[in-house]
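> Take this structure first; my questions come after.
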Amino acid sequence: MTAKGTFVYGLDKENSLALSFPAHEARTLEVALFDEFDHGRGVRVTFHVIIGKASGYRTFYLTAAAPIHFAYSDQDEAAPDEELLARFRTAIAEKRALHFPVERMPGEVEA
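Just so we're aligned: the sequence shown equals residues 132 to 242 in the numbering used here.
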């Protein structure tokens with residue numbers, strides 16, 4: 132079983148959204164977000180989801196003021212993926228949204 136990391140947006144049970152991804156991907160998102168939050172910036176993140184029988188997506192502009200939580204199971208600590216973190220940092224610097232699952236994230240923009 133793959134360890135899961137869960138991203139929770141919102142504080143109350145009725146209106147919060149919980150999405151789970153492999154723990155190392157969730158941990159990498161956490162590191163990338165909090166690096167930006169420490170500098171007073173927000174990050175756009177697009178979550179690709181199945182809605183009924185169709186694919187859809189939700190994009191959030193995440194800031195330090197937004198209620199954001201990460202939870203991990205099946206292991207004590209998930210290490211960030213350094214290669215994925217570099218991709219996230221490049222996308223953030225180019226003002227592109229991060230995508231989950233990461234396979235849906237567009238490639239690097241050629242200069």
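Using N, Cα and C, we set each Cβ at its ideal position, and we do this for glycine too.
Just so we're clear, the structure is a prediction, and the values are computed from it rather than from any experiment.
Considering only their Cβ atoms, is the gap separating residue 141 from residue 252 smaller than 8 Å?
Given a span of 132 to 242 for the chain in the structure shown, any question on residue 252 remains unanswerable.
> At the level of alpha carbons, what is the spacing between residue 202 and residue 137?
The count along the sequence shown starts at 1 and reaches residue 202 at position 71. The count along the sequence shown starts at 1 and reaches residue 137 at position 6. The alpha-carbon atoms of residue 202 and residue 137 are separated by roughly 5 Å.
> For the beta strand (DSSP E) holding residue 228, just list the boundary residues, first then last.
Position 97 of the sequence shown, counted from the first residue, corresponds to residue 228. First-last for residue 228: undefined, no H or E at that position.
> Which whole-angstrom value is the C-beta distance of residue 220 and residue 163, which I expect to be below 8 Å?
In the sequence shown, counting from the first residue as 1, residue 220 sits at position 89. In the sequence shown, counting from the first residue as 1, residue 163 sits at position 32. Contact flag correct, Cβ pair sits at about 6 Å.
> Are the CB atoms of residue 155 and residue 230 within a distance shorter than 8 Å?
One-based indexing of the sequence shown puts residue 230 at position 99. One-based indexing of the sequence shown puts residue 155 at position 24. The answer is no: Cβ separation not under 8 Å.
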